[in-house]
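Working notes, beginning with the structure itself.
Residue numbers (this note's numbering): 1 to 74.
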């Protein structure tokens, strides 16, 4: 019997209910919200910690305050 996780497709995380920005390079492996084109398919699919092409939503204005954070993929 298939588990529900196997039946759902990976997709981008929905936009949060607060003012947010995409912050690249800070997500834990498998915990990203999505990624830049050509890196991985979408949410939860990053294979590397701090993947410079994978992003997570953070409150607007916070990405520049996080070590390793970037508003653009590297």
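The beta carbon of each residue, even a glycine, is placed where N, CA and C say it ideally should be.
Item to check | Beta-carbon contacts of residue 74 that lie in its chain and below 6 Å, excluding the five residues immediately before and after | outcome: 52
Next on the checklist: Any beta carbon of chain B sitting closer than 8 Å to that of residue 21?
Outcome noted: Going by chain labels, chain B is absent from the structure shown, which holds only one protein chain.
Next on the checklist: Let me make sure I understand the geometry here. Which of 25, 17, 19 has the alpha-carbon closest to that of residue 56?
Outcome noted: The residue with the shortest Cα to Cα distance from residue 56 is 25.
Next on the checklist: Given this structure, state the Cα-to-Cα distance separating residue 18 from residue 46, to the nearest angstrom.
Outcome noted: 24 Å
Item to check | Host beta strand (DSSP E) of residue 13 (start-end) | outcome: It is not in any beta strand (DSSP E) - residue 13 carries neither H nor E in the DSSP assignment.
Checklist entry - Name the DSSP bridge partner or partners of residue 67? => result BP columns for residue 67 are empty, so no partner.
Checklist entry - DSSP state of residue 52, grouped into three classes? => result coil
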